[in-house]
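What follows is a set of notes on a single structure, which appears directly below.
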Amino acid sequence: MDAGTSSFADLVAACAPETLPGAGAAAAVQLGGAAGTSGAAAQGASGAHGESAGPYLPHGTTIVAARFDGGVVMAGDRRSTAGNMIAQRDIEKVFRSDDFSCVGIAGVAGIGLELVRLFQLELEHYEKLEGRTLSLEGKANRLSAFVRGNMAAALQGLVVVPLFAGYDEDAGRGRIFSYDVAGGRYEERPYHSIGSGSIFAKGSLKKLYTDSLSDREVILACMQALYDAADDDSATGGPDVARQIYPVVAMITADGFRRLSDAESGEYARAVVEERTREPSGPVAPLPPVTF
Numbered sequence: 101m102d103a104g105t106s107s108f109a110d111l112v113a114a115c116a117p118e119t120l121p122g123a124g125a126a127a128a129v130q131l132g133g134a135a136g137t138s139g140a141a142a143q144g145a146s147g148a149h150g151e152s153a154g155p156y157l158p159h160g161t162t163i164v165a166a167r168f169d170g171g172v173v174m175a176g177d178r179r180s181t182a183g184n185m186i187a188q189r190d191i192e193k194v195f196r197s198d199d200f201s202c203v204g205i206a207g208v209a210g211i212g213l214e215l216v217r218l219f220q221l222e223l224e225h226y227e228k229l230e231g232r233t234l235s236l237e238g239k240a241n242r243l244s245a246f247v248r249g250n251m252a253a254a255l256q257g258l259v260v261v262p263l264f265a266g267y268d269e270d271a272g273r274g275r276i277f278s279y280d281v282a283g284g285r286y287e288e289r290p291y292h293s294i295g296s297g298s299i300f301a302k303g304s305l306k307k308l309y310t311d312s313l314s315d316r317e318v319i320l321a322c323m324q325a326l327y328d329a330a331d332d333d334s335a336t337g338g339p340d341v342a343r344q345i346y347p348v349v350a351m352i353t354a355d356g357f358r359r360l361s362d363a364e365s366g367e368y369a370r371a372v373v374e375e376r377t378r379e380p381s382g383p384v385a386p387l388p389p390v391t392f
């Protein structure tokens, strides 16, 4: 019963490594190499028409996060896609990782959900054994190691990229971290977006965001950004008023993690939809007066 380590992932790696996310893909790569399978042959076996199986699995898409004076907000749309088909309309991509942080996923949904569960257990295991929580910096580093552990699967097309955000109790502010497929960790200021619609969402936030926004205004800005992403990216789902499916919104402050209820999220989403019926392009960033 002696764990011997405060890392749950290290414990699993020692006792049952085959259960870790990406382990199956890594074993397949090693088996292909041992059998003398060439890279081209392995790629041909991985999916139809010589493509990776990744595009045919359900994928999560767009996540946005933005800081405000008292913390940070993260929001994600609810659509998952498999190729050109909608796989699910109400998937959740933003999750509580502990009392003062959350994580959103973009990429292959199945592996992403496994990674999130493992990360949640990692933080809980550490807290139970050490009697304290990891620092926000430590949490971001542990998540980086998990993403790096999925590298073999990512090379086969099973890519998962998280977005991590939390309230840094030492610094007294919200922080946002992004990752690349190799586990590289980067702190983002003051907002960021990942997923297929990220370029449109980030462009929207670039014009809407200011440091003086309140928590409610940041939530609204994130909703507008997701709407803009859905407007230009078919894999991103906009608010579905008919089915009452709205983006998942999480807010982390000094008081801890709080996920907005569906009713609260719906209020913001309906406000955005009503505004877009009057002005389809959305709010316009004011230009400074011309002085020349």
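Numbering-wise, the sequence shown is residues 101 to 392 according to the working numbering.
Even for Gly, the Cβ is constructed at its ideal location relative to N, Cα and C.
Note that the structure is a prediction, hence the values are computed from the model and not measured.
Using the beta-carbon count (16 or more within 10 Å), is residue 390 buried or exposed?
-> For the purposes of this step, residue 390 is taken as residue 290 along the sequence shown, with counting starting at 1. Label assigned to residue 390: exposed.
Please look up how many angstroms separate the CB atoms of residue 179 and residue 347, rounded, as I've assumed it's under 8 angstroms.
-> Mapped onto the sequence shown, residue 179 falls at position 79. Mapped onto the sequence shown, residue 347 falls at position 247. Separation of the CB atoms of residue 179 and residue 347 is rounded to 10 angstroms, and the pair is thereby denied contact status at 8 angstroms.
In the DSSP assignment, find the beta strand (DSSP E) that holds residue 267 and state where it starts and stops.
-> Numbered from 1 along the sequence shown, position 167 holds the residue referred to as residue 267. Residues 260–268.
Element boundaries [beta strand (DSSP E), containing residue 201] = Position 101 of the sequence shown, counted from the first residue, corresponds to residue 201. Element bounds for residue 201: 201–208.
Reference residue 328; option with closest CA among 304, 335, 334, 342 = The sequence position of residue 328 within the sequence shown is 228, counting from 1. For the residues 304, 335, 334, 342, the minimum Cα distance to residue 328 belongs to 304.
Whole-angstrom C-beta distance between residue 326 and residue 164, which should lie under 8 angstroms | Walking along the sequence shown from the start, residue 164 turns up at place 64. Walking along the sequence shown from the start, residue 326 turns up at place 226. With 8 angstroms as the limit, residue 164 and residue 326 qualify as a contact, their Cβ atoms being about 6 angstroms apart.
What residues match up with residue 286 in a beta bridge as DSSP calls it?
-> Translated into positions along the sequence shown, residue 286 becomes position 186. Beta-bridge pairing links residue 286 to 278.
Residue nearest to residue 276 in terms of C-alpha spacing, selected from 323, 284, 217, 292 = Translated into the one-based positions of the sequence shown, residue 276 becomes position 176. Residue 276 has its Cα closest to that of 292, out of 323, 284, 217, 292.
Along the beta strand (DSSP E) that carries residue 168, what are the first and last residues, could you check?
-> Indexing the sequence shown from 1 puts residue 168 at position 68. Here the beta strand (DSSP E) through residue 168 covers 163–168.
Buried or exposed: which applies to residue 385, given that a residue is buried once 16 or more other Cβ atoms fall within 10 Å of its Cβ?
-> As a working note, residue 385 is residue 285 in the sequence shown. Classification for residue 385: exposed.
With burial defined as no fewer than 16 other Cβ atoms inside 10 Å of the residue's Cβ, what is the status of residue 333: buried or exposed?
-> Along the sequence shown, one-based indexing puts residue 333 at 233. It is buried - the Cβ of residue 333 has at least 16 other Cβ atoms within 10 Å.
DSSP beta-bridge partners for residue 195?
-> On the sequence shown, residue 195 is found 95 positions in, with the first residue counted as 1. Paired residues: 203.
For the putative contact between residue 272 and residue 162, defined by C-beta atoms under 8 angstroms, what is the C-beta separation to the nearest angstrom?
-> Your numbering for residue 272 matches position 172 in the sequence shown. Your numbering for residue 162 matches position 62 in the sequence shown. Not a contact, Cβ separation roughly 29 angstroms.
Can you give the Cα-Cα distance for residue 257 and residue 231, rounded to whole angstroms?
-> Numbered from its first residue, the sequence shown carries residue 257 at position 157. Numbered from its first residue, the sequence shown carries residue 231 at position 131. Distance between residue 257 and residue 231, taken at the CA atoms: about 39 angstroms.
Through-space distance from residue 350 to residue 371, alpha-carbon basis = For the purposes of this step, residue 371 is identified with residue 271 of the sequence shown, where counting begins at 1. For the purposes of this step, residue 350 is identified with residue 250 of the sequence shown, where counting begins at 1. Those two C-alpha atoms are separated by around 18 angstroms.
Going straight from the alpha carbon of residue 339 to that of residue 250, what length do you get?
-> In the sequence shown, the residue the question calls residue 339 occupies position 239. In the sequence shown, the residue the question calls residue 250 occupies position 150. Whole-angstrom Cα-Cα distance: 32 angstroms.
Residues in its own chain within less than 8 angstroms of residue 364 by CB, not counting five upstream and five downstream?
-> Here residue 364 is taken as the residue at index 264 of the sequence shown, counted from 1. Excluding residues within five positions, the ones whose Cβ falls inside 8 angstroms are 349.
Return helix, strand or coil for residue 385, following the three-state DSSP convention.
-> Indexing the sequence shown from 1 puts residue 385 at position 285. Note: residue 385 maps to coil in three-state DSSP.
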